[in-house]
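In the working numbering, the protein residues as written are 1430 to 1963. Ideal Cβ positions, reconstructed from N, Cα and C, are used throughout, including at glycine. Please read all numbers here as calculations on a predicted model, not as lab measurements. Below is one structure; the comments refer to it alone.
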Amino acid sequence: MSRPRIVIVGAGFAGYRTARTLSRLTRHKAEITLLNPTDYFLYLPLLPQVAAGVLEPRRVTVSLSATLPRVRLVLGEADGIDLDGRTVRYTDPEGGVGTLPYDRLVIAVGSVNKLLPIPGVAEHAHGFRGLPEALYLRDHVTRQMELAGGAKDSAARCTFVVVGAGYTGTEVAAHGQMYTDAQARRRPPRDGVRPRWLLLDVAPRVLPEMDERLSRTADRVLRERGVDVRMGTSVKEATHDGVLLTDGEFVETRTLVWCVGVRPDPLVEGVGQPLERGRLIVDPYLQVPGRPEVFACGDAAAVPDLNDPGSFTPMTAQHAWRHGQIAARNVAASLGIGDRRAYRHRDLGFVVDLGGAKAAANPLGVPLPGPLAGLVTRGYHLAAMPGNRVRVAADWLLDSVLPRQAVQLGLVRSWSVPLDTASPELARVPGRPERGPDVSARGQVRDRPAEEPAKSAASEGPTGIGGTAEPAKGQPGGEPAKNQPGGEPARNQPGGEPAANPGPAGAPGPDPDTAPGPVKRPEDRPATPAEGDS
Ligand SMILES: Cc1cc2nc3c(=O)[nH]c(=O)nc-3n(C[C@H](O)[C@H](O)[C@H](O)COP(=O)(O)OP(=O)(O)OC[C@H]3O[C@@H](n4cnc5c(N)ncnc54)[C@H](O)[C@@H]3O)c2cc1C
């Protein structure tokens, strides 16, 4: 008898844990396939440390094939799910397309940067949701500090604006200020300009979603470090020269980091099932109602919060990781292995790394003071990482005794990490079409034999999925990006309504001559896609 086929789409916190738990529970009784665009699991909470040069990028990754030996890895991005035909269509990293038939499906595609219809933001800001963006920021910040030495616009180059004071923005600003201060100490800008990081949010306090004691700690550490914390303020317009704030001030800068939150991956929109603010609605067993063979978990799923009836669990790694375990258990139960269980959780508290020995942490709800918080935060991350712990600890040790390496490799260019992307985990490359809801929304798989391996998209002819003939989102001639598919309006941000099409708000569309991405700063714009940003 053939083994049931389980396909898991996405290998983040939820998908990775589902695959790992399922391979233990099913013990070769099922064929488990994991579809993911990269060959690694990314430990996102340590990404700010990559941007600040504390950790080398590979440290925050965990090899999928090395740690999931009984799981078949398929490299690629799902761009359509046919629920009736029980197949997932995907495009591989070289543009080939294929389909995966399934008996059980787990959708765990996570989330992408959230956009707001603020003029100039889609063109001038960068998000912080994937490794390419972290590498870009590290290089860009390093380069601004180097270019500031003696340049007329050194004040603008030494000013870094972060929008969104949730855990991501707070950590980026806290680590960023430390990083640039260290650079300035070693090589002070000639006119004595000090690097300045601004952290903006229209919320009244930093870490607005968290315990107030964590907010107070983070606020104090940021201010002591010199970060210009401006709550109740956001960006009204972004331009090449800087940002106009909602209080009327114009801040000259070359750096705008967009951390206002995330929205579910646009793939779920195309599944054609009921959504809650863009997330796929599931029952407490993580099953899609009316589709008992389909499960969803992590940021992409609206999972009922049984501790708070009527609400859904928030989009955090903690939940996604634990969803993954329950999804695996319930998939196995649906195949006759073990019993199913509803998702219930206990709040484990939160940790926010503020750089050096500083952190704001309340494990199990107990707020910790000073250096103990720093110790617990790092210990928590080491324990939570599913691999690569020794290398991470080694980098932390080296960082505590050696000056940080302030060199920019320039491998990730501004245009290759546009804010508006359905694939923040991949740097955009010239010529490769990007996955978008225009493709997935159809949710139909073209006639092709089941389990057909990926083949070249070019051979698909003029209507080839993922091929060059069909305009892809964000590509010249492509359909304008449909942002915020039912996306949750950013809480506490101006204009926090789902954007119908914020990309071109107040600005022209991508320049067909040059633009693999929508960035249009004159000096950023590459003469050819291979050259690039300032
Ligand atoms: C900088 C940063 C710091 C954070 N810090 C914390 C923290 O300290 N604590 C906390 O609880 N949460 C934190 N979060 C939030 C947390 O990382 C997310 O809630 C969590 O990653 C969600 O898990 P997931 O599995 O749903 O999605 P992800 O971890 O994002 O994984 C989704 C996976 O699906 C893949 N994928 C996407 N689209 C497709 C497709 N079409 N086909 C195939 N695969 C696809 C992606 O490549 C990825 O591997 C942080 C987030 C960021 C960005």
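Going by the CB atoms, is the gap between residue j and residue i shorter than 9 Å?
{"i": "Ala1448", "j": "Leu1497", "result": "yes"}
{"i": "Arg1857", "j": "Thr1850", "result": "yes"}
{"i": "Ala1761", "j": "Thr1455", "result": "yes"}
{"i": "Leu1566", "j": "Ala1594", "result": "no"}
{"i": "Leu1735", "j": "Ala1725", "result": "no"}
{"i": "Thr1599", "j": "Arg1625", "result": "no"}
{"i": "Leu1529", "j": "Val1500", "result": "no"}
{"i": "Leu1643", "j": "Pro1859", "result": "no"}
{"i": "Leu1840", "j": "Leu1564", "result": "yes"}
{"i": "Val1591", "j": "Leu1627", "result": "yes"}
{"i": "Glu1681", "j": "Ala1585", "result": "yes"}
{"i": "Arg1683", "j": "Gln1573", "result": "yes"}
{"i": "Asp1776", "j": "Arg1807", "result": "no"}
{"i": "Ala1812", "j": "Tyr1472", "result": "no"}
{"i": "Val1491", "j": "Glu1485", "result": "no"}
Taking its Cβ as the centre, do 16 or more other Cβ atoms sit within 10 Å of residue i, making it buried, or is it exposed?
{"i": "Val1570", "result": "buried"}
{"i": "Ser1763", "result": "buried"}
{"i": "Tyr1694", "result": "With the sequence shown as reference, residue 1694 is identified as Asp, and Tyr is not the correct amino acid for it. Counting Cβ neighbours within 10 Å, Asp1694 comes out buried, since at least 16 surround it."}
{"i": "Asn1542", "result": "buried"}
{"i": "His1604", "result": "buried"}
{"i": "Gly1799", "result": "exposed"}
{"i": "Gly1556", "result": "buried"}
{"i": "Pro1937", "result": "Interpretation of Pro1937 is limited by its pLDDT of 33, a score under 50 that renders its predicted location unreliable; no figure is taken from the coordinates."}
{"i": "His1810", "result": "buried"}
{"i": "Arg1708", "result": "buried"}
{"i": "Asp1728", "result": "buried"}
{"i": "Ser1663", "result": "buried"}
{"i": "Pro1561", "result": "buried"}
{"i": "Glu1854", "result": "buried"}
{"i": "His1748", "result": "buried"}
{"i": "Ala1928", "result": "Residue placement at Ala1928 is poorly supported in this model, since its pLDDT is 31, which falls under 50; the coordinates are not used for a value here."}
{"i": "Phe1779", "result": "buried"}
{"i": "Gly1509", "result": "buried"}
{"i": "Ser1540", "result": "buried"}
{"i": "Pro1743", "result": "exposed"}
Have a look at residue i and residue j and give me their C-alpha separation to the nearest angstrom.
{"i": "Gly1444", "j": "Val1691", "result": "18 Å"}
{"i": "Arg1515", "j": "Met1660", "result": "48 Å"}
{"i": "Gly1379", "j": "Phe1442", "result": "This structure cannot settle anything about residue 1379, because the visible part of the chain is limited to 1430 through 1963."}
{"i": "Gly1701", "j": "Pro1721", "result": "15 Å"}
{"i": "Glu1705", "j": "Gln1606", "result": "37 Å"}
{"i": "Arg1487", "j": "Glu1653", "result": "31 Å"}
{"i": "Pro1433", "j": "Arg1533", "result": "8 Å"}
{"i": "Val1631", "j": "His1669", "result": "23 Å"}
{"i": "Asp1521", "j": "Ala1507", "result": "9 Å"}
{"i": "Ser1452", "j": "Ala1459", "result": "8 Å"}
{"i": "Gly1665", "j": "Gly1767", "result": "A quick correction: the sequence has Lys, not Gly, at residue 1665. If you take the alpha carbons of Lys1665 and Gly1767, they lie about 54 Å apart."}
{"i": "Val1830", "j": "Leu1804", "result": "17 Å"}
{"i": "Ser1494", "j": "Asn1465", "result": "12 Å"}
{"i": "Asp1582", "j": "Asp1468", "result": "41 Å"}
{"i": "Pro1792", "j": "Tyr1596", "result": "15 Å"}
{"i": "Tyr1772", "j": "Val1672", "result": "43 Å"}
{"i": "Val1846", "j": "Pro1718", "result": "36 Å"}
{"i": "Pro1733", "j": "Ala1823", "result": "40 Å"}
{"i": "Ile1435", "j": "Val1819", "result": "32 Å"}
{"i": "Arg1649", "j": "Ala1756", "result": "40 Å"}
{"i": "Gly1677", "j": "Gly1578", "result": "29 Å"}
{"i": "Pro1618", "j": "Pro1474", "result": "32 Å"}
{"i": "Ile1461", "j": "Ile1437", "result": "8 Å"}
{"i": "Trp1750", "j": "Arg1758", "result": "13 Å"}
{"i": "Ala1919", "j": "Cys1688", "result": "Because Ala1919 sits at a pLDDT of 36, beneath the cut-off of 50, its placement in the model cannot be relied upon, and the point is left open."}
{"i": "Tyr1531", "j": "Ala1746", "result": "26 Å"}
{"i": "Ile1536", "j": "Gly1439", "result": "7 Å"}
{"i": "Gly1739", "j": "Glu1523", "result": "44 Å"}
{"i": "Arg1770", "j": "Phe1741", "result": "17 Å"}
Pull the bridge partners of residue i from the DSSP assignment, please.
{"i": "Ala1554", "result": "Answer is none; Ala1554 lacks a bridge partner."}
{"i": "Val1780", "result": "Ala1790"}
{"i": "Ile1461", "result": "Ile1435"}
{"i": "Gly1671", "result": "Glu1681"}
{"i": "Leu1504", "result": "Asn1465"}
{"i": "Tyr1519", "result": "Ala1507 and Gly1527"}
{"i": "Trp1825", "result": "Looking at the DSSP assignment, Trp1825 forms no beta bridge with any residue, so it has no partner."}
{"i": "Pro1853", "result": "Beta-bridge pairing links Pro1853 to no other residue."}
{"i": "Ile1536", "result": "Val1438 and Ala1725"}
{"i": "Leu1629", "result": "Val1592 and Arg1659"}
{"i": "Asn1542", "result": "Val1691"}
{"i": "Gln1716", "result": "Phe1724"}
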